[in-house]
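What follows is one structure encoded as C-alpha cells, with my remarks underneath.
Numbering (the numbering used here), first residue to last: 31 to 145.
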C-alpha cells in the first residue's frame, strides 16, 4: 500500500509560480513511477507529467516547458514546479504512483490561477 499526500496548492496570479509536493508513505518511491494529474471542473482528469524510477520525465503537450517534475528519493517526495501559470491551469492536482499494475492516488490539492 502507498499513501500519497499532496500539498502546495492555493491561489496564484496569472504568470506566477507554484510548487506542489507529494509525500509518499508505505513504500519507497525509488521503485515507483510517479506522476501528476489534474482535473478541472466539468472536465476529465488528465495527465500533467510523469517521472520514472530511472529519472525520465514526460510532460503533456500543454505544459510547453512551464512545469518541472522531480523527485527526492531520500525524502520520499515528488515535486511539480509550475511556472508561467495561466488561468487554464486552474484544477485539482493529484499525485499518482504506479507499481507494476497498481495505481495509487492522493486526495488532490486545488490550484487556482487568477487572471
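Yeah, the Cβ is synthetic: ideal placement off N, Cα and C, and Gly gets one too.
Presumed contact (8 Å Cβ cut-off) between residue i and residue j, rounded CB distance
i: residue 59; j: residue 108; result: 6 Å
i: residue 66; j: residue 115; result: About 14 Å separates the two Cβ atoms, so there is no contact after all.
i: residue 68; j: residue 134; result: That pair is no contact at about 17 Å.
i: residue 97; j: residue 78; result: 7 Å
i: residue 50; j: residue 120; result: That belief does not hold up - the Cβ atoms of residue 50 and residue 120 are roughly 14 Å apart, past 8 Å.
Own chain residues within Cβ distance below 8 Å of residue i, not counting five before or after
i: residue 144; result: 41, 42, 43, 44, 117
i: residue 106; result: 53, 54, 55, 58, 59
i: residue 130; result: none
Cβ-based neighbour list, residue i, same chain, cut-off 6 Å, excluding 5 preceding and 5 following
i: residue 89; result: 79
i: residue 75; result: 67, 69
i: residue 142; result: 41, 120
i: residue 87; result: 81, 99
Cβ neighbours of residue i in the same chain (closer than 7 Å, five flanking residues each side left out)
i: residue 91; result: none
query: Just checking, does the region 36-46 make contact with the region 96-105 on the three C-beta pairs under 8 Å criterion?
result: no
task: Quick one: which unbroken beta strand (DSSP E) runs of 3-plus residues sit fully inside the region 84-138? Chain order, please.
output: 87-89, 97-102, 107-112, 121-129, 132-135
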